[in-house]
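Student: After the structure tokens below, expect a handful of questions from me.
Residue numbers (the numbering used here): 15 to 846.
Take a look at the structure:
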């Protein structure tokens with residue numbers, strides 16, 4: 015018994031010690047969790063973004079590339095306000111401001127003249143005055159309906175988050191660092207108010223009238239005033255999770271929401287708070303707004319939530335929405351707008367039961383244009399049709415979206431017959447340009463994992479489909495039936511590219527292959543073999559003839575010149591990300607990715623377009639002609655590629671070749687707003703021009719200016735040169751072309767006369783590498799011109815000129831030949 019008691023006591027003591035340790039560890043864990051939550055609450059919103067990423071703003075500079083869609087900044091929008099159901103403005107990252115005058119059917123970009131992120135916007139005076147505020151304490155004002163903006167003096171450099179204009183005179187702006195700014199003159203001036211805290215972030219503000227209002231803060235704190243902000247009462251709204259947004263119905267009923275799904279309401283003016291019910295919000299809440307006494311909406315990091323009982327319960331209305339929503343504006347009880355991340359702009363016309371995008375912000379994966387106006391574009395979820403070059407996009411309603419998980423491939427044989435590849439190895443076909451479609455027969459289409467990633471047709475009947483789980487299918491009846499020709503079960507490659515080097519030889523590449531392999535077929539795609547290579551992550555492939563082909567990978571371009579027996583790295587281009595080819599013909603094709611490159615001579619040289627760098631993933635190019643095409647990318651991006659030739663007036667543009675060095679010269683009599691000149695070259699047999707370099711202009715000048723540029727050519731051929739004059743406003747013009755003939759057998763040279771000495775006649779021989787004006791003159795030893803033998807335009811070639819000195823006395827004479835900038839002089843002796 016005693017021993018049991020001792021044992022029992024020992025056990026209890028051990029349990030007590032363990033329990034204390036557990037309690038201490040639990041306390042430490044809780045403190046760490048609380049600290050983490052507090053840090054997260056601060057860090058999640060404390061994101062200073064002073065700079066503008068110009069890659070996500072429209073490039074309004076005219077050139078060969080022009081943004082067709084969306085023509086507004088493709089950024090996160092934080093604030094929105096509508097004057098009425100037609101006129102509204104939204105603000106966002108990088109100082110973005112956009113405006114609509116037709117209820118969101120069309121948005122256009124307005125320059126704010128600042129690059130700080132704008133978080134909030136309000137309107138007053140019936141929509142003539144707008145005020146916006148954001149990061150680094152920036153406050154701007156517009157007096158003309160949002161068309162032009164001016165910076166106001168600000169008393170803070172803290173990030174400003176929300177604003178409320180209570181009436182046309184009185185308003186509030188709150189932000190980090192306990193910022194509480196008040197205006198009493200309609201937003202012309204803002205003054206910091208005394209509040210209970212000096213550093214606590216103030217996230218949102220809502221006043222019932224000019225006297226009674228609330229500010230929500232970190233740590234679940236709510237500040238309440240009943241005298242216009244002269245005095246504040248500190249309230250604790252539930253737990254210590256931060257509150258990011260607040261809405262006051264009246265002096266008693268308040269609804270608020272914030273960090274990590276916290277939503278609370280009070281029915282007694284904030285003295286006590288109750289957690290709201292309904293669906294759990296799995297993220298932060300950014301803005302809460304009610305359109306009447308019971309119906310309200312909550313913009314969260316995981317979509318839109320709706321309450322019909324004054325905020326007691328909230329339910330998701332945004333199944334499938336993956337965008338963060340940030341702000342809400344209802345100009346009336348039925349029409350509303352919500353903005354969010356990645357240019358997410360949606361509208362409701364039925365009190366929020368249904369929402370529709372006013373701007374398409376999908377990541378576009380593939381594009382096909384049958385002419386300059388009409389085309390089809392697909393994202394992973396939808397197919398869009400345009401008939402105005404891409405300025406407006408309509409969802410193709412005929413496609414069975416409910417039957418698929420994702421759309422990954424699109425290929426058209428011509429303007430009417432096309433194919434869509436999707437999940438579960440399904441392929442759909444249209445025979446009327448996308449107006450309707452039907453499912454084709456795919457062998458082994460009971461595969462619920464595989465996704466069609468690429469469709470390629472060599473002829474109108476023979477085509478191939480590649481899957482993301484290592485399968486290659488072939489059709490010989492224009493896509494009605496697809497037969498399985500290859501299945502890779504080990505390390506299934508994600509097939510992404512296929513191309514034919516001739517009618518019978520096909521090549522396929524992909525990612526996730528180990529060993530690193532290229533797949534090829536010599537029997538029209540019936541059987542496939544592999545070649546092992548020493549590079550990986552192959553994204554796409556093209557061949558320009560039986561021998562020469564290219565593969566793009568992650569930032570790398572590989573080339574073969576011997577039908578794939580060897581592949582070597584082409585280090586002349588890189589940094590295009592996960593590249594993809596846009597192919598027109600054997601001379602003209604593009605590489606698109608995070609950068610865009612173009613070749614006009616079968617990959618021997620590449621044109622780089624820095625203006626497209628970082629515009630997001632530029633996923634696909636459709637070329638209608640070698641001079642016209644469309645490029646699509648992430649976040650709703652559509653660019654048009656169009657090369658127009660408009661002559662420019664120059665006083666002179668000429669060139670000549672010395673050995674393999676090309677010397678170009680041009681002159682301008684006057685210059686107005688000229689940024690400079692791109693020098694462009696192509697071979698006579700090529701279709702496309704190559705940018706060689708840039709020479710800066712003089713800007714504005716009334717004097718004669720001379721310019722020059724040197725180029726090196728290595729192959730004997732006829733070369734054309736022209737100038738592309740760029741003005742400061744982005745407009746451009748082209749010069750006339752000059753033609754230069756480079757031959758490795760002929761270079762500029764003047765030979766010694768023969769015979770020498772001579773009496774009375776001799777022959778002077780010379781070679782011209784290209785066309786030009788030739789002057790051949792004879793001088794005596796004192797430098798006096800005796801005779802002009804030649805002064806005329808001659809074509810490239812070898813020439814002989816006779817010189818008869820019968821009338822001259824014996825002595826030493828000099829003959830001088832001038833050709834462009836080349837001058838050659840030689841002595842000859844006349845002996846009688």
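Where is the CB? At the ideal position from N, CA and C, for every residue including glycine.
These numbers were taken from a predicted model, which means no experiment stands behind them.
Touch check for the segment 541-558 and the segment 519-529: three-plus C-beta pairs under 8 Å?
Tutor: In short, these stretches touch, since the Cβ pair count reaches three.
Student: In angstroms with no decimal places, state the Cα-to-Cα distance between residue 490 and residue 468.
Tutor: Start at 1 with the first residue of the chain shown, and residue 490 comes out as number 476. Start at 1 with the first residue of the chain shown, and residue 468 comes out as number 454. So the alpha carbons of these two residues sit roughly 17 Å apart.
Student: Is DSSP giving residue 151 helix, strand or coil here?
Tutor: Taking the chain shown and counting its residues from 1, the one referred to as residue 151 is at position 137. It is helical.
Student: Any idea if residue 716 is buried or exposed, counting beta-carbon neighbours within 10 angstroms, 16 or more meaning buried?
Tutor: Here residue 716 refers to the residue found at position 702 of the chain shown. The residue is exposed, with fewer than 16 neighbouring Cβ atoms inside 10 Å.
Student: Let me confirm a value: residue 114 is counted as buried when at least 16 other C-beta atoms fall within 10 Å, else exposed. Which label applies?
Tutor: Locating residue 114 in the chain shown gives position 100, counting from the first residue. Residue 114 is buried by the Cβ-count criterion.
Student: Taking residue 266 as the reference, which of 245, 275, 240 and 744 has the closest Cα?
Tutor: Numbered from its first residue, the chain shown carries residue 266 at position 252. Selected option, being the one with the closest Cα: 240.
Student: Within the continuous beta strand (DSSP E) that includes residue 341, where are the two ends?
Tutor: Reading the chain shown from its first residue, position 327 is the one you call residue 341. Element bounds for residue 341: 339-343.
Student: Spatial neighbours of residue 296 within its chain, please: CB distance less than 7 Å, with the 5 preceding and 5 following residues excluded, ordered by chain position.
Tutor: Along the chain shown, one-based indexing puts residue 296 at 282. Same-chain partners within the cutoff: 275 and 316.
Student: Please determine, among 231, 365, 788 and 338, the residue with the shortest C-alpha to C-alpha distance to residue 358.
Tutor: Here the question's residue 358 lines up with position 344 in the chain shown. Nearest of 231, 365, 788 and 338 to residue 358, Cα basis: 338.
Student: Would you mind sorting residue 694 into buried or exposed? The rule is 16 or more other CB atoms within 10 Å of its CB.
Tutor: In the chain shown, the residue the question calls residue 694 occupies position 680. By the 10 Å Cβ count, residue 694 comes out buried.
Student: Can you tell me whether residue 536 is helix, strand or coil according to DSSP?
Tutor: Residue numbering aside, residue 536 sits at position 522 when the chain shown is read from its first letter. If DSSP states are grouped into helix, strand and coil, residue 536 belongs with coil.
Student: Looking at the secondary structure, which residues open and close the beta strand (DSSP E) in which residue 422 lies?
Tutor: Position 408 of the chain shown, counted from the start, is the residue given in the question as residue 422. 421-426 is the span of the beta strand (DSSP E), which, as asked, contains residue 422.
Student: How big is the Cα-Cα spacing for residue 319 and residue 340?
Tutor: Translated into positions along the chain shown, residue 319 becomes position 305. Translated into positions along the chain shown, residue 340 becomes position 326. So the two alpha carbons sit approximately 12 Å from each other.
Student: Which two residues bound the contiguous beta strand (DSSP E) that contains residue 358?
Tutor: Stepping through the chain shown from its first residue, residue 358 is reached at position 344. Note, residue 358: beta strand (DSSP E), 358-362.
Student: Using the C-alpha atoms, what's the distance from residue 454 back to residue 755?
Tutor: Within the chain shown, residue 755 is the residue found at index 741, counting from 1. Within the chain shown, residue 454 is the residue found at index 440, counting from 1. Straight-line Cα distance between these residues: approximately 55 Å.
Student: Throw me the rounded Cβ distance for the residue 174 and residue 189 pair, which I believe falls under 8 Å.
Tutor: Start at 1 with the first residue of the chain shown, and residue 174 comes out as number 160. Start at 1 with the first residue of the chain shown, and residue 189 comes out as number 175. Contact flag correct, Cβ pair sits at about 4 Å.
Student: Residue 230 and residue 246: beta carbons closer than 8 Å?
Tutor: Within the chain shown, the letter at position 216 stands for residue 230. Within the chain shown, the letter at position 232 stands for residue 246. No, these two residues do not count as a Cβ contact at 8 Å.
Student: Start and end of the beta strand (DSSP E) containing residue 125?
Tutor: For the purposes of this step, residue 125 is identified with residue 111 of the chain shown, where counting begins at 1. Here residue 125 belongs to no beta strand (DSSP E), and DSSP marks it neither H nor E.
Student: On a Cα-Cα basis, can you pick out the residue from 304, 321, 305 and 432 that is closest to residue 294?
Tutor: Residue mapping note: residue 294 aligns to position 280 of the chain shown, counting from 1. For residue 294, the nearest C-alpha among the options comes from 321.
Student: In terms of residues, what are the limits of the beta strand (DSSP E) holding residue 593?
Tutor: Working through the chain shown from its first residue, we reach residue 593 at position 579. Taken as a continuous stretch (DSSP letters only), residue 593 belongs to no beta strand (DSSP E), as it is neither H nor E.
Student: Taking residue 752 as part of the beta strand (DSSP E), name the residues at either end of that continuous run.
Tutor: Numbered from its first residue, the chain shown carries residue 752 at position 738. Run containing residue 752: 752-756, per the beta strand (DSSP E) assignment.
Student: Quick check: the Cα distance between residue 790 and residue 685, rounded to an integer number of angstroms?
Tutor: Here residue 790 corresponds to residue number 776 of the chain shown, with the count starting at 1. Here residue 685 corresponds to residue number 671 of the chain shown, with the count starting at 1. Spanning the two alpha carbons is a distance of roughly 35 Å.
Student: Report buried or exposed for residue 452, applying the criterion of at least 16 other Cβ atoms within 10 angstroms of its Cβ.
Tutor: The residue you call residue 452 lines up with position 438 of the chain shown. Residue 452 comes out exposed.
Student: Does the segment 427-436 touch the segment 469-486, meaning 3 or more C-beta pairs lie closer than 8 Å?
Tutor: At 8 Å Cβ cutoff, the stretches touch.
Student: Which first and last residues belong to the beta strand (DSSP E) in which residue 179 is found?
Tutor: Numbered from 1 along the chain shown, position 165 holds the residue referred to as residue 179. Unbroken beta strand (DSSP E) run through residue 179: 174-179.
Student: In this structure, does DSSP put residue 108 in helix, strand or coil?
Tutor: Walking along the chain shown from the start, residue 108 turns up at place 94. The answer is helix: DSSP assigns residue 108 an H, G or I state.
Student: Quick test of your reading: residue 637 and residue 598, contact by CB under 8 Å. State the CB separation rounded to the nearest angstrom.
Tutor: In the chain shown, the residue the question calls residue 637 occupies position 623. In the chain shown, the residue the question calls residue 598 occupies position 584. Right, the Cβ-Cβ distance comes to about 4 Å (below 8 Å), so this counts as a contact.
Student: Could you pull out every residue in the same chain whose Cβ sits closer than 6 Å to the Cβ of residue 94, ignoring the five residues on either side in sequence?
Tutor: If you number the chain shown from 1, residue 94 lands on position 80. Hits under 6 Å: 104, 341, 343, 351 and 353.
Student: Looking at C-alpha atoms only, which residue of 797, 202, 159 and 232 is the closest neighbour of residue 248?
Tutor: The residue you call residue 248 lines up with position 234 of the chain shown. Among 797, 202, 159 and 232, the Cα nearest to that of residue 248 belongs to 232.
Student: Which residues share a DSSP beta bridge with residue 763?
Tutor: Counting from 1 along the chain shown, the entry for residue 763 is found at position 749. DSSP lists 781 as partners of residue 763.
Student: Do residue 793 and residue 739 have their C-beta atoms within less than 8 Å of each other?
Tutor: Walking along the chain shown from the start, residue 793 turns up at place 779. Walking along the chain shown from the start, residue 739 turns up at place 725. It is not a contact, given that the beta carbons lie outside the stated cut-off.
Student: What did DSSP end up calling residue 835 once you bin it into helix, strand or coil?
Tutor: Here residue 835 refers to the residue found at position 821 of the chain shown. The answer is coil: DSSP assigns residue 835 none of H, G, I, E or B.
Student: What's the gap between the Cα of residue 417 and the Cα of residue 378?
Tutor: Indexing the chain shown from 1 puts residue 417 at position 403. Indexing the chain shown from 1 puts residue 378 at position 364. Residue 417 and residue 378: Cα-Cα distance of roughly 20 Å.
Student: How would you call residue 387, buried or exposed, if buried means at least 16 neighbouring beta carbons within 10 angstroms?
Tutor: For the purposes of this step, residue 387 is taken as residue 373 along the chain shown, with counting starting at 1. Result: exposed.
Student: Can you tell me which residues form a DSSP beta bridge with residue 725?
Tutor: For the purposes of this step, residue 725 is taken as the residue at position 711 of the chain shown. Partner(s): 676.
Student: Tell me residue 411's beta-bridge partners as DSSP assigns them.
Tutor: Taking the chain shown and counting its residues from 1, one reaches residue 411 at position 397. DSSP output for residue 411 lists no bridge partner at all.
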